[in-house]
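Participant: Have a look at the structure that comes next, please.
Chains as they are written, first to last, in my numbering: chain A, 171 to 453; chain B, 13 to 321.
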């Protein structure tokens with residue numbers, strides 16, 4: 171692609187690429203190395219002599235142990251997984267149905283509803299968290315996983331609907347007509363013919379929704395109060411900092427372990443994730 | 013035999029409960045009910061409730077009375093709110109320019125053929141998929157005043173002689189937050205723009221190259237115009253997310269030092285949740301709404317123009 175001498179390839183390709191990789195991945199390296207470094211090495215001033223911050227000769231699991239023995243980290247992991255799975259399932263069901271209706275059925279106000287859902291797609295969580303906290307309290311949902319399971323779909327459904335509309339539009343009308351001629355009802359044609367064809371789209375939407383709900387922070391921060399109910403991001407933030415004191419070892423270990431489930435899911439479905447991401451942009 | 017085969021392949025008539033779903037309008041209605049109920053309960057209703065709250069003097073546990081626009085008047089004269097508005101626009105503008113520039117550059121690099129391409133692409137998205145709060149803690153630790161690895165590196169490269177207190181100085185703290193946001197956003201821009209680049213036929217560029225167009229001209233007159241629709245949508249999403257950002261500032265500075273780095277959302281959180289002034293907090297976060305609306309309207313008009321062209 172790059173014509174000319176070898177040095178041009180270095181200057182225009184390898185160096186910029188190395189710069190990007192360093193910039194984008196260094197924080198994760200730093201997270202990992204801190205998680206396994208003993209406290210004695212961790213809290214050495216940046217200008218002390220003979221100090222190599224990039225490596226450790228005495229790796230330790232004390233921070234991970236602290237996390238599981240002295241904090242409720244395992245409960246946070248379970249809460250986050252449960253909430254992410256259930257809200258993803260709810261959002262997928264709603265999103266697939268709504269996407270099907272909006273892309274393949276003729277009914278009054280279809281255009282208006284489509285625009286409405288697109289607009290809710292653009293409503294950020296930080297716009298509504300204060301009145302929503304009050305509503306959650308009034309419904310007696312405060313400090314329960316249901317406060318998040320019911321509110322996460324508000325930013326997941328619009329996304330799933332939007333993505334599924336794209337997939338459903340690509341399925342030829344004839345496929346459905348054939349099924350109907352063979353005697354299938356509309357409902358059956360949708361369930362057994364059209365939805366199976368759109369499985370890759372459902373998988374993309376599901377992966378993307380799962381990572382989004384695992385990531386969510388402000389609702390979880392505002393709606394949950396007791397330590398045992400918290401999700402990983404909120405638990406790590408509120409329970410591993412006491413006043414001004416940061417427990418950096420356990421903090422980084424918590425950040426690392428809290429990232430691994432998402433990273434694993436992502437690594438199995440990179441292609442689906444990317445098509446979800448780009449599909450959500452292109453619509 | 014033949015008769016048997018035919019009977020087994022004939023679909024039974026649809027059950028009675030499917031009859032009314034044969035009407036397209038009823039089916040659409042049934043399919044949309046769950047979505048409309050959830051979005052209505054947890055988006056439309058809170059929005060109305062938020063506006064109601066913002067014109068009262070409600071606090072936590074106190075319903076409050078109608079006070080008109082007193083809250084809006086109060087925040088309009090609040091110097092911290094004004095700083096937060098200024099910060100939000102600065103933060104959004106600077107990070108968007110960098111995210112677009114760096115993201116486009118990275119997308120062009122990734123659009124080449126090289127070894128380990130799929131692998132590199134997968135790794136590059138990590139900052140975007142790892143929970144933001146958790147990765148921002150890594151950055152906070154890197155910017156720590158006493159144990160900063162950035163200071164260590166700069167010191168050993170001979171760039172600085174004393175320590176830099178990254179999060180203790182208002183300007184440096186703002187720069188630190190901006191860096192983290194760029195870090196988080198570049199992968200999203202790069203991967204989305206890469207998808208856009210891959211739809212552009214390489215033959216166009218080859219033809220222009222044969223006609224003698226230099227690389228820069230080929231980019232400016234062929235790639236960029238074809239990429240513009242995708243770019244606009246990516247920028248729209250990013251601008252909205254950045255305007256409404258909360259997590260990075262909450263973790264990095266908590267709005268400090270001395271309230272110098274607040275954004276709309278963090279200040280609304282501090283007032284509405286931290287001090288319990290629900291009505292004022294609601295007013296602060298709703299103040300974001302006109303800006304968001306303007307961006308969405310401009311964007312929808314643009315998309316419509318492109319579609320009808």
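For glycine and all other residues, C-beta sits at the position ideal for the given N, C-alpha and C.
Tell me which residues of the stretch 405–418 of chain A have at least one Cβ-Cβ distance to chain B shorter than 7 Å, keeping chain order.
Facilitator: Residues 406, 407, 418.
Participant: Could you tell me if residue 192 of chain B is buried or exposed, where buried requires 16 or more neighbouring beta carbons within 10 angstroms of its beta carbon?
Facilitator: Classification of residue 192 of chain B: buried, given that the 10 Å Cβ count is 16 or more.
Participant: Mind checking whether residue 252 of chain B and residue 307 of chain B have CB atoms under 8 Å apart?
Facilitator: Yes, the Cβ-Cβ distance between residue 252 of chain B and residue 307 of chain B is below 8 Å.
Participant: What are the start and end residues of the alpha helix (DSSP H) that includes residue 42 of chain B?
Facilitator: From DSSP, the alpha helix (DSSP H) with residue 42 of chain B extends over 36–51.
Participant: List, in order along the chain, the chain B residues whose C-beta lies closer than 8 Å to that of residue 356 of chain A?
Facilitator: Within 8 Å Cβ-Cβ: 30, 33, 34, 36, 39.
Participant: Looking at C-alpha atoms only, which residue of B:278, B:130, B:269, B:71 is the closest neighbour of residue 262 of chain B?
Facilitator: Considering only alpha carbons, the answer is B:278.
Participant: Ignoring anything shorter than 4 residues, give me the alpha helix (DSSP H) runs that lie fully in the stretch 60–121 of chain B, in order along the chain.
Facilitator: You should have 82–88.
Participant: With contact counted as at least three CB pairs below 8 Å, one residue from each stretch, are the stretch 277–296 of chain B and the stretch 300–319 of chain A in contact?
Facilitator: Touching, yes.
Participant: Would you mind stating whether residue 318 of chain A and residue 396 of chain A have Cβ atoms separated by less than 8 Å?
Facilitator: It is not a contact, given that the beta carbons lie outside the stated cut-off.
Participant: So which residues of chain A does residue 301 of chain B contact, with C-beta pairs closer than 7 Å?
Facilitator: Those within 7 Å of residue 301 of chain B in chain A are 297.
Participant: Under 8 Å between beta-carbons, which chain A residues line up against residue 179 of chain B? List them in chain order, please.
Facilitator: Chain A residues near residue 179 of chain B: none, gap ~12 Å exceeds 8 Å.
Participant: Quick one: give me the first and last residue of the alpha helix (DSSP H) that residue 308 of chain A is part of.
Facilitator: Segment 295–308, the alpha helix (DSSP H) holding residue 308 of chain A.
Participant: Taking the DSSP output, what are the residues bridged to residue 412 of chain A?
Facilitator: The partner list for residue 412 of chain A (beta bridge, DSSP) reads A:415.
Participant: Heavy atom of the ligand MN less than 7 Å from the Cβ of residue 183 of chain B, yes or no?
Facilitator: This structure lacks the ligand MN; in fact it carries no ligand of any kind.
Participant: If you draw a straight line from the C-alpha of residue 435 of chain A to the C-alpha of residue 366 of chain A, how long is it?
Facilitator: When rounded, the distance between both Cα atoms is 22 Å.
Participant: Would you please verify whether the beta carbon of residue 292 of chain A is less than 8 Å from any beta carbon of chain B?
Facilitator: Answer yes: the Cβ-Cβ gap between residue 292 of chain A and chain B drops below 8 Å somewhere.
Participant: Could you check whether the Cβ of residue 301 of chain A sits closer than 8 Å to any Cβ belonging to chain B?
Facilitator: Yes, its Cβ sits closer than 8 Å to a Cβ of chain B.
Participant: Starting from residue 203 of chain A, follow the alpha helix (DSSP H) in both directions and report where the run begins and ends.
Facilitator: Residue 203 of chain A -> alpha helix (DSSP H) spans 185–205.
Participant: Helix, strand or coil for residue 341 of chain A? Go by DSSP, reduced to three states.
Facilitator: If DSSP states are grouped into helix, strand and coil, residue 341 of chain A belongs with coil.
Participant: Report yes if the C-beta distance between residue 410 of chain A and residue 420 of chain A is below 8 Å; otherwise report no.
Facilitator: Yes.
Participant: Measuring CB atoms only, is the stretch 396–408 of chain A touching the stretch 104–117 of chain B, in the sense that at least three cross pairs come out at less than 8 Å?
Facilitator: The stretch 396–408 of chain A vs the stretch 104–117 of chain B: no contact.
Participant: Any idea if residue 371 of chain A is buried or exposed, counting beta-carbon neighbours within 10 angstroms, 16 or more meaning buried?
Facilitator: Buried is the call here.
Participant: Can you tell me which of the three DSSP states residue 332 of chain B falls into?
Facilitator: Since the first residue shown for chain B is 13 and the last is 321, residue 332 of chain B is missing from the structure and cannot be characterised.
Participant: Taking Cβ-Cβ distances shorter than 7 Å, what residues in chain A pair up with residue 284 of chain B?
Facilitator: Residues of chain A passing the Cβ test: 300.
Participant: Find out if the Cβ-Cβ distance for the pair residue 118 of chain B, residue 247 of chain B is shorter than 8 Å.
Facilitator: Not in contact: residue 118 of chain B and residue 247 of chain B (Cβ atoms no closer than 8 Å).
Participant: Starting from residue 164 of chain B and walking both ways along the alpha helix (DSSP H), at which residues does that stretch end?
Facilitator: It spans 161–168 - the alpha helix (DSSP H) in which residue 164 of chain B sits, taken as one unbroken run.
Participant: So which residues of chain A does residue 57 of chain B contact, with C-beta pairs closer than 8 Å?
Facilitator: Correct list: 305.
Participant: Would you identify the three-state DSSP class for residue 276 of chain A, choosing helix, strand or coil?
Facilitator: Here residue 276 of chain A sits in coil by DSSP.
Participant: At a CB-CB cut-off below 7 Å, which residues of chain A make contact with residue 207 of chain B?
Facilitator: Residues of chain A passing the Cβ test: 448.
Participant: Between the stretch 38–58 of chain B and the stretch 270–279 of chain A, do at least 3 Cβ pairs fall closer than 8 Å?
Facilitator: The answer is yes - the stretch 270–279 of chain A touches the stretch 38–58 of chain B, with three or more Cβ pairs under 8 Å.
Participant: Would residue 317 of chain A count as contacting chain B if we go by Cβ distances under 8 Å?
Facilitator: It does not; no Cβ of chain B falls within 8 Å.
Participant: Could you list the residues in the stretch 97–108 of chain B with a C-beta less than 8 Å from some C-beta on chain A, going in chain order?
Facilitator: Those residues of the stretch 97–108 of chain B that come within reach of chain A (Cβ to Cβ, closer than 8 Å) do not exist; the list is empty.
Participant: For the alpha helix (DSSP H) holding residue 315 of chain A, just list the boundary residues, first then last.
Facilitator: Here the alpha helix (DSSP H) through residue 315 of chain A covers 315–321.
Participant: Using a Cβ cut-off of 8 Å (strictly closer), state whether residue 159 of chain B contacts chain A.
Facilitator: For residue 159 of chain B, the answer is yes, since a Cβ of chain A falls inside 8 Å of its Cβ.
Participant: Keeping to the same chain, check which residues put their C-beta closer than 8 Å to that of residue 218 of chain B; ignore five residues upstream and five downstream.
Facilitator: Result list for residue 218 of chain B: empty, nothing under 8 Å.
Participant: When you compare only the Cα positions, how much space is there between residue 189 of chain B and residue 349 of chain A?
Facilitator: Near 56 Å, if we compare the C-alpha coordinates of residue 349 of chain A and residue 189 of chain B.
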